[in-house]
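First residue of the sequence shown: 169, per this note's numbering; consecutive thereafter. Built from N, CA and C at the ideal position, the CB exists for glycine as well. Worksheet for the structure shown next.
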Amino acid sequence: MKKTVEANKTLIVNGPSSVRIISGRAEVFGNIIKENQQIIVREGKRQPFHALENTEFHVSLGANATMQEEETKTIPESWNEALQTVVAIQKKPAVVMVMGKADSGKSSFSTYIVNNLVNGKTKVAVLDSDLEQSDIGPPCTVSYNYVTRRVTELCEIGMSNAFFVGVTSPIQAVNKSIEGLTAMHREIMQKHDADYIIINTDGAIEGESAINYKLQLVNQLKPDLIVGIQNQEELAVLFSGIDTITTYCIKSSPNANVRSPEKRTRLREMNYAKYLKDAKIRSLFASHMEIQEKNILPKEAGKEKGILVGLKNSKKHFLGIGIMLEYNRARQTMKVLTPVSIKPAIITIGRIRLDPELREMPL
Ligand SMILES: Nc1ncnc2c1ncn2[C@@H]1O[C@H](COP(=O)(O)OP(=O)(O)OP(=O)(O)O)[C@@H](O)[C@H]1O
Ligand SMILES: [Mg+2]
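Okay, structure coming up:
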C-alpha cells in the first residue's frame, strides 16, 4: 500500500515488511534512504522512517506486521548529544561502550552513532558482545566487524571474526565471555586502523552477578566513554561502581519495542537458522581436532545430540557454528550439522541444545 508522510514526521514500520520510497527522502537511525531504495524490516524488528521531506512510501506488510505514524522524530535529542560527546574524544581509537537493559535501544543507538561517524576517512569497528540478541555473529558469540557504509541494521555489516562462548547469557560463563571480548578487542587494536570502536553489550544490568560481570568488562576493556540508555535510573547502581571512566546517560526512545522473553527466544532461533542455512552433515575425526569444553559432553551415548558447537581453524579464526549430531568416543568420530565446509582444527562445545526445528532445549 502507498503511504504519504509529511516532512519531519516518522513512519514506524514493524516487520516482517518491506518498504520502498516512491518519492522523497527519509532517515533510519542516521542512514539516509533515497528514492527506489528498498528496506526489509525483519520479523520482530521495527524501523522508524523519519521523513526529511514530504515522502511517499510503498509498504508491503507481512503476517501480523503493522505501521503507525508519529508526529515527530523518534530519536531522542540526548542521542545526538551523546554522539557529539563521542566525536569530541581526541584519543584514537576512541572506545565507546553502550549499556542498557534489554530492548532499551542499544543496537539502534549503536547504529545511529556508527552511521554518523562513518565516512570515507573514518574507520569504525563494532564489537558485539550481546550473546543473547547478537547483531553481528551468530547467537552465543562475541563478534566484530568494520563498518564502511551507512546501514539500517548492524547485521548488514557481516562478520570479520567471532569467539564462540556457547551460552546465551554471559553470567553463565563469565570468564569465557571476558576471554572472548578481550580477544576480539585485542585483534581490533592490533590492526591499528580503527578510529572508533563501538562495543555493544547484553541487556543484563541489574542484580549482583550482572553488575559484577559488567564491572569486570569495564576494567578489562577500559573504554574511553560508557553511554548508558535508560528510562528511569536502571543503570544507577551499576554506574555507581564505575568511577574511573566517564559515563553518559541518554534516554530510551518511547517508541522502543519491548519484546517478550518468548519473542526474544524466537528471534534468536531465527538467527540460528540464518547461520545454519545450507548446513550439511559433516563427519569429523575427533582425534584430528582440539575439543574445547569437552567436559560438557554427556558421557552417555546419544545424549550429545543437538548440542551447539563453534568451529575454528588452526589460526583460531571462527569458521561458524554447528550442531553435534553424534560423538562416537570409541571410534573418535563426530557427525556435525554445519555450513562450514573446511575441516576445523578446533571444536568448542556449547551449553545450548537445539532440537531439529532449531528450538532451544534444556541441556
Ligand atoms: N529511537 C527509536 N525509534 C524507533 N524505534 C526504536 C528506537 N529505538 C529502538 N527502537 C526499536 O525498539 C526495538 C528495540 O531496540 P534495540 O533492538 O535497539 O534494543 P536493544 O537494547 O539492542 O535490545 P536487545 O536487548 O534485544 O539487544 C527495535 O525494534 C528498535 O527498532
Ligand atoms: Mg541489541
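For residue i, the nearest candidate out of the options (CA to CA)
{"i": "G371", "options": "Y381, A362 and D363", "result": "Y381"}
{"i": "V315", "options": "N283, V342, T336 and D303", "result": "N283"}
{"i": "A219", "options": "R497, S509 and T172", "result": "T172"}
{"i": "K471", "options": "G334, L522 and E376", "result": "L522"}
{"i": "N368", "options": "A341, N313 and S421", "result": "N313"}
{"i": "P524", "options": "I514, T501 and L444", "result": "L444"}
{"i": "N232", "options": "E245, K213, K467 and Y495", "result": "K213"}
{"i": "K259", "options": "I489, H360 and D296", "result": "H360"}
{"i": "T178", "options": "E300, G230, E211 and P244", "result": "P244"}
{"i": "F453", "options": "K473, Y495 and N176", "result": "Y495"}
{"i": "N176", "options": "L487, E238 and L322", "result": "E238"}
{"i": "E300", "options": "I339, F277, S328 and V264", "result": "I339"}
{"i": "E347", "options": "V263, F332, S421 and I489", "result": "F332"}
{"i": "V508", "options": "I517, L487, L493 and I515", "result": "L487"}
{"i": "I515", "options": "P530, L493, M529 and E461", "result": "E461"}
{"i": "Y440", "options": "Q388, G474 and K484", "result": "G474"}
{"i": "V405", "options": "I459, G268, V335 and E458", "result": "G268"}
{"i": "S311", "options": "E321, L322 and L295", "result": "L295"}
{"i": "N343", "options": "S377, F217 and C323", "result": "S377"}
{"i": "S451", "options": "E458, K467, E402 and T506", "result": "T506"}
{"i": "S302", "options": "K442, V477, A447 and L493", "result": "K442"}
{"i": "M529", "options": "L476, K480 and H485", "result": "L476"}
{"i": "F217", "options": "Y416, V187, N204 and D298", "result": "V187"}
{"i": "Q400", "options": "T223, V181, G230 and S421", "result": "S421"}
{"i": "I373", "options": "F277, E402 and R427", "result": "E402"}
For residue j and residue i, the rounded distance between their alpha carbons
{"i": "H353", "j": "I491", "result": "27 Å"}
{"i": "I510", "j": "F407", "result": "45 Å"}
{"i": "A469", "j": "I325", "result": "40 Å"}
{"i": "R519", "j": "L465", "result": "9 Å"}
{"i": "F225", "j": "I418", "result": "31 Å"}
{"i": "K241", "j": "Q384", "result": "36 Å"}
{"i": "V319", "j": "I201", "result": "10 Å"}
{"i": "P512", "j": "S482", "result": "7 Å"}
{"i": "A498", "j": "W247", "result": "58 Å"}
{"i": "N463", "j": "I366", "result": "34 Å"}
{"i": "T414", "j": "G396", "result": "11 Å"}
{"i": "T279", "j": "S455", "result": "43 Å"}
{"i": "I207", "j": "R527", "result": "28 Å"}
{"i": "K431", "j": "A270", "result": "12 Å"}
{"i": "V227", "j": "M169", "result": "5 Å"}
{"i": "P429", "j": "E249", "result": "32 Å"}
{"i": "K503", "j": "T309", "result": "22 Å"}
{"i": "I459", "j": "I517", "result": "7 Å"}
{"i": "N425", "j": "I281", "result": "19 Å"}
{"i": "E355", "j": "M327", "result": "13 Å"}
{"i": "S345", "j": "P184", "result": "32 Å"}
{"i": "A500", "j": "S337", "result": "As written in the sequence, residue 500 is Gln, which differs from the Ala given in the question. Each residue's alpha carbon lies about 31 Å from the other."}
{"i": "K480", "j": "P307", "result": "16 Å"}
{"i": "Q205", "j": "N199", "result": "12 Å"}
{"i": "N182", "j": "M457", "result": "44 Å"}
Proximity test, residue i beta-carbon vs ligand 2 heavy atom, cut-off 7 Å
{"i": "S275", "result": "yes"}
{"i": "D303", "result": "yes"}
{"i": "D298", "result": "yes"}
Any non-hydrogen atom of ligand 1 within 7 Å of residue i CB
{"i": "S311", "result": "no"}
{"i": "P216", "result": "yes"}
{"i": "A424", "result": "yes"}
{"i": "K213", "result": "yes"}
{"i": "T242", "result": "yes"}
{"i": "A270", "result": "yes"}
{"i": "I366", "result": "no"}
{"i": "S421", "result": "yes"}
{"i": "G371", "result": "yes"}
{"i": "I180", "result": "yes"}
beta-carbon residue i near ligand 3 non-hydrogen atom, thresh 7 Å
{"i": "L465", "result": "The ligand content of the structure shown is limited to ligand 1 and ligand 2, which means ligand 3 is not among them."}
_Counting beta carbon pairs with one atom in the stretch 424-435 and one in the stretch 191-198, are three or more of them shorter than 8 Å?_
When C-beta atoms of the stretch 191-198 are compared with those of the stretch 424-435, fewer than three pairs fall below 8 Å, so the two segments do not count as touching.
_At 3 residues or longer, what runs of the beta strand (DSSP E) sit wholly inside the stretch 236-270?_
262-268
*Taking only runs that begin and end inside the stretch 482-514, name each unbroken beta strand (DSSP E) of 3 or more residues, in chain order.*
486-496 and 501-506
*May I have a chain-ordered list of the beta strand (DSSP E) segments no shorter than 3 residues that lie completely inside the stretch 264-329?*
292-296 and 309-315
_Would the stretch 314-329 count as touching the stretch 282-302 if we require 3 or more Cβ pairs under 8 Å?_
In short, these stretches touch, since the Cβ pair count reaches three.
*How do the stretch 241-260 and the stretch 389-397 stand: do at least 3 beta-carbon pairs fall below 8 Å, yes or no?*
yes
_Extract the residue ranges of the beta strand (DSSP E) inside the stretch 358-387, only unbroken runs of 3 or more that lie entirely within it._
364-368
*Any beta strand (DSSP E) of 3 or more consecutive residues that is wholly inside the stretch 409-465*: 414-419, 448-453 and 458-460
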